[in-house]
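For reference, the structure discussed in these notes is given below.
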DNA sequence: TTGACTTCACCGACCAGACGGTACAGTTAA
DNA sequence: TTAACTGTACCGTCTGGTCGGTGAAGTCAA
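Okay, structure coming up:
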């Protein structure tokens with residue numbers, strides 16, 4: 001599991017993410033990744049013996065990064081009601097990047113085989129379970145989770161219809177709902 | 001615009017949707033669509049001169065169907081607060097199909113070229129504008145819209161983590177929030 | 001009526017390029 | 001020396017798209 005030469009692997013993963021974003025999913029080719037990483041195809045395939053392994057690693061990397069990001073925010077939200085949901089929201093707000101910076105690797109993986117997203121599904125399920133476990137109003141947390149996923153996924157797919165002020169309003173409203181949530 | 005022989009076009013579009021669902025996006029090939037439609041590739045390309053045109057039509061068809069569905073529900077919601085949002089929610093609830101019945105053609109189109117989803121973006125933008133225009137609490141409607149999109153997109157991508165009872169609870173909570181919404 | 005001609009809808013062989021993956025020889029650091 | 005790593009050449013497959021047909025139906029002049 002531990003890479004012997006982490007620099008190559010990391011470089012490749014970064015290049016792969018860039019290719020997925022720029023070339024578009026569906027044009028995610030090994031040649032493109034190798035070229036982008038400043039590497040020959042042989043070198044690429046030495047590090048990732050198949051395209052599937054590369055996509056798997058890309059999904060894995062994204063999850064690890066996101067998890068780290070989430071726990072960074074945990075401190076700020078600690079003690080507040082619905083702390084985890086508030087962190088999830090805060091991460092999403094602060095990652096409000098334009099479409100060119102989305103983790104398109106997830107989509108490239110999906111295009112190859114939907115089952116590559118199973119780790120994401122497990123992570124989301126676990127996060128949701130933790131979020132509702134301590135919630136004063138679990139149903140409100142469900143709605144908030146869905147809204148946040150709505151924000152994240154519309155962004156990922158380039159289907160984000162909210163303008164900047166609407167997004168800000170949505171974030172604020174969600175924060176308020178989470179902070180004030182009591183069973184209806 | 002009006003097809004001279006609608007039967008072939010309709011048959012092909014149906015087959016294309018089926019192929020997108022069953023073969024998975026990324027394996028959406030013209031040969032597969034032609035075979036599924038009981039047609040030669042030549043015949044397919046007679047009706048849709050390029051793959052792009054086919055995907056375009058697939059997206060268009062989906063939007064038309066969804067729009068019709070939405071206006072079917074408009075009557076039921078008429079008069080209620082946030083009528084359009086309520087309809088949008090109701091359609092989403094009643095289309096709570098398993099993942100095998102999702103409009104995967106949208107993803108196939110996305111894989112080929114993200115700009116194929118622009119009509120969807122326009123439609124969503126328009127729907128959201130109409131939803132907020134008459135809302136007593138526009139920010140609540142924003143949140144509801146995002147939550148519904150969350151439901152729809154997680155479903156589409158196979159990332160739906162809610163179990164049946166949670167989904168039911170989420171639908172109910174959203175209905176309640178929309179029905180009772182007054183400015184916070 | 002009939003025969004020449006046109007259009008429509010479709011067929012299927014074929015092609016060129018892209019792509020994933022293999023084979024293997026070379027290089028370099030320990 | 002050896003093991004980790006890289007580069008290059010190549011292969012087979014898949015796939016979108018082209019192209020020359022084919023039969024059925026219709027049109028129309030003589």
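Protein chains in written order, with the UniProt record's numbering: chain G, 1 to 184; chain C, 1 to 184.
The C-beta atom is built at its ideal place from N, Cα and C for all residues, glycine as well.
Contact list for residue i against chain C, beta-carbon separation under 7 Å
i, result
"residue 166(G)", "142"
"residue 125(G)", "161"
"residue 70(G)", "Under the 7 Å cutoff, chain C gives no residues; its nearest Cβ is about 16 Å from residue 70(G)."
"residue 89(G)", "Correct list: empty, because the minimum Cβ distance to chain C is about 11 Å."
Residue i in three-state terms, based on DSSP
i, result
"residue 185(C)", "Given a span of 1 to 184 for chain C in the structure shown, any question on residue 185(C) remains unanswerable."
"residue 113(G)", "coil"
"residue 104(C)", "coil"
"residue 49(G)", "coil"
"residue 97(C)", "coil"
"residue 62(C)", "helix"
"residue 25(G)", "coil"
"residue 42(G)", "helix"
"residue 184(C)", "Note that residue 184(C) has pLDDT 45, beneath the 50 cutoff, so the model's placement of it is unreliable and the number below is only indicative. DSSP places residue 184(C) in coil when its eight states are reduced to three."
"residue 2(C)", "Low confidence applies here, because residue 2(C) scores a pLDDT of 36, under 50, leaving its location unreliable and the question unanswered by this model."
Within 8 Å, strictly: CB atoms of residue i and residue j
i, j, result
"residue 90(G)", "residue 77(G)", "yes"
"residue 153(C)", "residue 153(G)", "yes"
"residue 87(C)", "residue 68(C)", "no"
"residue 142(C)", "residue 170(G)", "yes"
"residue 158(C)", "residue 103(G)", "no"
"residue 111(G)", "residue 42(C)", "no"
"residue 79(C)", "residue 17(C)", "no"
"residue 55(C)", "residue 109(C)", "yes"
"residue 107(C)", "residue 20(C)", "yes"
"residue 139(G)", "residue 173(C)", "yes"
"residue 161(C)", "residue 128(G)", "yes"
"residue 156(C)", "residue 92(C)", "no"
"residue 47(C)", "residue 7(C)", "no"
Chain-ordered neighbours of residue i on chain C, where CB pairs are closer than 8 Å
i, result
"residue 139(G)", "169, 170, 172 and 173"
"residue 50(G)", "Per Cβ cutoff of 8 Å: no residues; residue 50(G) is ~15 Å from chain C at best."
"residue 177(G)", "143"
"residue 117(G)", "157, 158 and 159"
Cβ neighbour criterion (16 or more within 10 Å) applied to residue i
i, result
"residue 64(G)", "exposed"
"residue 3(C)", "Confidence at residue 3(C) is low in this model, with a pLDDT of 40, below 50, so the placement of that residue should be treated as unreliable; the coordinate-derived value is given next. Result: exposed."
"residue 165(G)", "exposed"
"residue 137(C)", "buried"
"residue 122(G)", "exposed"
"residue 22(G)", "exposed"
"residue 40(C)", "exposed"
"residue 10(G)", "exposed"
"residue 134(C)", "exposed"
"residue 83(C)", "buried"
"residue 147(C)", "buried"
"residue 5(C)", "Note that residue 5(C) scores a pLDDT of 48, beneath 50, so its modelled location is shaky and nothing firm can be said."
"residue 149(G)", "buried"
"residue 144(G)", "buried"
"residue 168(C)", "exposed"
"residue 57(G)", "buried"
Residue range of the unbroken alpha helix (DSSP H) whose run includes residue i
i, result
"residue 139(C)", "138-157"
"residue 160(G)", "No alpha helix (DSSP H) holds residue 160(G); DSSP gives it neither H nor E."
"residue 126(G)", "118-133"
Closer than 7 Å at the beta carbon, the chain G residues around residue i
i, result
"residue 120(C)", "159"
"residue 147(C)", "143, 146, 147 and 150"
"residue 55(C)", "Going along chain G, no residue has its Cβ under 7 Å from residue 55(C), so there is no contact; the nearest lies around 11 Å."
"residue 45(C)", "What residue 45(C) touches in chain G: nothing, since even the nearest Cβ is about 20 Å away."
Partners in chain G for residue i, counting only beta-carbon separations shorter than 9 Å
i, result
"residue 113(C)", "24 and 26"
"residue 134(C)", "What residue 134(C) touches in chain G: nothing, since even the nearest Cβ is about 16 Å away."
"residue 84(C)", "The contacting residues do not exist; residue 84(C) stays about 14 Å from chain G at best."
Contact list for residue i against chain C, beta-carbon separation under 9 Å
i, result
"residue 63(G)", "Those do not exist, as residue 63(G) stays about 13 Å from chain C at its closest Cβ, beyond 9 Å."
"residue 128(G)", "161, 162 and 166"
"residue 30(G)", "Simply none; closest approach about 15 Å."
"residue 39(G)", "Going along chain C, no residue has its Cβ under 9 Å from residue 39(G), so there is no contact; the nearest lies around 24 Å."
Within chain G, the residues that residue i reaches when beta carbons sit closer than 8 Å
i, result
"residue 92(C)", "Per Cβ cutoff of 8 Å: no residues; residue 92(C) is ~11 Å from chain G at best."
"residue 58(C)", "Correct list: empty, because the minimum Cβ distance to chain G is about 15 Å."
"residue 13(C)", "In chain order: nothing, as chain G lies at least about 20 Å away."
heavy atom of the ligand ATP below 7 Å from residue i C-beta
i, result
"residue 41(C)", "For the ligand ATP, the structure offers nothing, since it holds no ligand at all."
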